[in-house]
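Engineer:
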Ligand code: PMV
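Okay, structure coming up:
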């Protein structure tokens, strides 16, 4: 039995979540060492190794959609192993869709570009997110820092390395639901919400330059501003605010929620790797899962 494996990285959104859904720019970084692996093989009937019924049901749809998009007919077995927490804003579903696409293409001997993988994974992402902007699947397929505008080709950033700290609140919030809530609020008060989205978009534009220059101080300032605007969108939470305060009280230059919000993770920027380690230690007192990464 021919078995194929492929993996994909998680991601962290540094700027522009939510406003990216409405056409404003956002910035995301790949988390190269936090990955999800898909193992596939040809079988007589589909077999999915997953005890959680809800996740299993999604994986059935994932395989079905991937087969259609790739033009594959065979039955397959699928096993997923992952280091990326689910529903935490670190791109677990995007990594799943990218890894499954890569593994199936490998199984069929198909050579595909990163752009083709991103396009397939984006369609699959609709199962999980409803109306995704495409930022998660694009960064996971390309594994490079990106400045992303919905519907446009990804614009890769020549970013200087920075030290980040990521901490998980441990509460999950489905992206699909949080995005729908923001959409509803925007429909009721379009002027107010569009103003907030535009301000977030402007921050992403300024942040791009700072990332190229490695200006961590300004990156921190812009992250703090972005967080205030996310709070105005109503997507922060007491748990997220607590982790953000802990990060800044312990020396972070800036911190914000990352991803859809209402739960999931925060991301903070530090002046150095050493400072990031200290912030991660402080965050571990209030978060089950806090770690530092260099991106
Ligand atoms: O929750 P995540 O990590 O999948 O991030 C979603 C980012 C949003 O901007 C809220 C939605 C999107 O499709 O871009």
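Residue numbers (the working numbering): 70 to 364. Idealized CB from N, CA, C, for every residue including glycine. Remember, it's a predicted structure, so these values are computed and weren't measured experimentally.
Considering only their Cβ atoms, is the gap separating residue 291 from residue 231 smaller than 9 Å?
Structural biologist: For the purposes of this step, residue 231 is taken as residue 162 along the chain shown, with counting starting at 1. For the purposes of this step, residue 291 is taken as residue 222 along the chain shown, with counting starting at 1. Taking 9 Å as the Cβ cut-off, residue 231 and residue 291 do not qualify as a contacting pair.
Engineer: Any idea which residues DSSP pairs residue 76 with across the strands?
Structural biologist: As a working mapping, residue 76 is identified with position 7 in the chain shown. Looking at the DSSP assignment, residue 76 forms a beta bridge with 106.
Engineer: Tell me whether the beta-carbon of residue 144 lies closer than 9 Å to the beta-carbon of residue 114.
Structural biologist: Along the chain shown, one-based indexing puts residue 144 at 75. Along the chain shown, one-based indexing puts residue 114 at 45. The answer is yes: Cβ separation under 9 Å.
Engineer: I'd like to know whether the C-beta atoms of residue 236 and residue 84 end up nearer to each other than 9 Å.
Structural biologist: For the purposes of this step, residue 236 is taken as residue 167 along the chain shown, with counting starting at 1. For the purposes of this step, residue 84 is taken as residue 15 along the chain shown, with counting starting at 1. No, they are not a contact pair.
Engineer: Thinking just about the alpha-carbon of each residue, which of 329, 249, 128 and 161 is nearest to the one in residue 86?
Structural biologist: Against the chain shown, residue 86 aligns to sequence position 17. Among 329, 249, 128 and 161, the Cα nearest to that of residue 86 is on 329.
Engineer: So what does residue 144 bridge to, in DSSP terms?
Structural biologist: On the chain shown, position 75 is the one that residue 144 refers to. BP columns for residue 144 point to 112.
Engineer: Throw me the rounded Cβ distance for the residue 103 and residue 140 pair, which I believe falls under 8 Å.
Structural biologist: Here the question's residue 103 lines up with position 34 in the chain shown. Here the question's residue 140 lines up with position 71 in the chain shown. The pair is not a contact, with the Cβ atoms about 31 Å apart (cut-off 8 Å).
Engineer: When the distance is taken between beta carbons, is residue 77 closer than 9 Å to residue 165?
Structural biologist: Sequence index remark: in the chain shown, residue 165 carries index 96 (1-based). Sequence index remark: in the chain shown, residue 77 carries index 8 (1-based). Their beta carbons are under 9 Å apart, which means residue 165 touches residue 77 by this criterion.
Engineer: Considering only residues of the segment 198-280, which uninterrupted beta strand (DSSP E) runs meet the minimum length of 3 residues and lie entirely inside it, listed in chain order?
Structural biologist: If we require 3 residues or more, the beta strand (DSSP E) runs fully inside the segment 198-280 come out as 215-217 and 232-237.
Engineer: Take residue 74 as the anchor and find which of 168, 162 and 344 has the nearest alpha-carbon.
Structural biologist: As a first step, residue 74 must be located in the chain shown, where it is residue number 5. The shortest Cα separation from residue 74 among 168, 162 and 344 belongs to 168.
Engineer: Any heavy atom of the ligand PMV inside 8 Å of the beta-carbon of residue 205?
Structural biologist: Taking the chain shown and counting its residues from 1, the one referred to as residue 205 is at position 136. Because some heavy atom of the ligand PMV lies under 8 Å away, the Cβ of residue 205 counts as near it: yes.
Engineer: In the structure shown, what three-state DSSP assignment does residue 288 receive?
Structural biologist: One-based indexing of the chain shown puts residue 288 at position 219. Of the three classes helix, strand and coil, the one that applies to residue 288 here is helix, per DSSP.
Engineer: Determine the contact status of residue 155 and residue 107, defining contact as a CB-CB distance below 9 Å.
Structural biologist: Residue mapping note: residue 155 aligns to position 86 of the chain shown, counting from 1. Residue mapping note: residue 107 aligns to position 38 of the chain shown, counting from 1. Result no, Cβ atoms of residue 155 and residue 107 do not sit closer than 9 Å.
Engineer: Out of 158, 180, 187 and 179, point me to the one whose CA is closest to residue 332's CA.
Structural biologist: Taking the chain shown and counting its residues from 1, the one referred to as residue 332 is at position 263. Here the closest residue by C-alpha is 158.
Engineer: Out of curiosity, what's the CA-to-CA distance linking residue 132 and residue 335?
Structural biologist: Locating residue 132 in the chain shown gives position 63, where the first residue counts as 1. Locating residue 335 in the chain shown gives position 266, where the first residue counts as 1. Their backbone Cα atoms lie some 31 Å apart in a straight line.
Engineer: Could you tell me if the beta carbon of residue 188 falls within a distance shorter than 8 Å of some heavy atom in the ligand PMV?
Structural biologist: The residue given as residue 188 occupies position 119 in the chain shown. Residue 188: no, Cβ never under 8 Å from the ligand PMV.
Engineer: Ignore the nearest five residues each way along the sequence and tell me which others in residue 117's own chain have a CB closer than 6 Å to its CB.
Structural biologist: Counted from its first residue, the chain shown places residue 117 at position 48. Same-chain partners within the cutoff: 125, 128 and 147.
Engineer: If you run the structure through DSSP and keep just helix, strand and coil, what is residue 357?
Structural biologist: For the purposes of this step, residue 357 is taken as residue 288 along the chain shown, with counting starting at 1. Residue 357: coil per DSSP, three-state reduction.
Engineer: Taking the Cβ atom as the reference point for each residue, do residue 223 and residue 208 lie within a distance shorter than 9 Å?
Structural biologist: The residue you call residue 223 lines up with position 154 of the chain shown. The residue you call residue 208 lines up with position 139 of the chain shown. Cβ distance < 9 Å, so residue 223 and residue 208 count as in contact.
Engineer: Relative to the C-alpha of residue 151, which candidate in 130, 105, 179 and 183 has its C-alpha closest?
Structural biologist: Stepping through the chain shown from its first residue, residue 151 is reached at position 82. Nearest C-alpha to residue 151: 105.
Engineer: Which two residues bound the contiguous beta strand (DSSP E) that contains residue 327?
Structural biologist: Mapped onto the chain shown, residue 327 falls at position 258. Per DSSP, residue 327 belongs to the beta strand (DSSP E) from 323-327.
Engineer: Taking residue 169 as part of the beta strand (DSSP E), name the residues at either end of that continuous run.
Structural biologist: The residue you call residue 169 lines up with position 100 of the chain shown. Unbroken run through residue 169 is the alpha helix (DSSP H), 161-176; no beta strand (DSSP E).
Engineer: At which residues does the alpha helix (DSSP H) containing residue 129 begin and terminate?
Structural biologist: If you number the chain shown from 1, residue 129 lands on position 60. That run of the alpha helix (DSSP H) goes 122-139.
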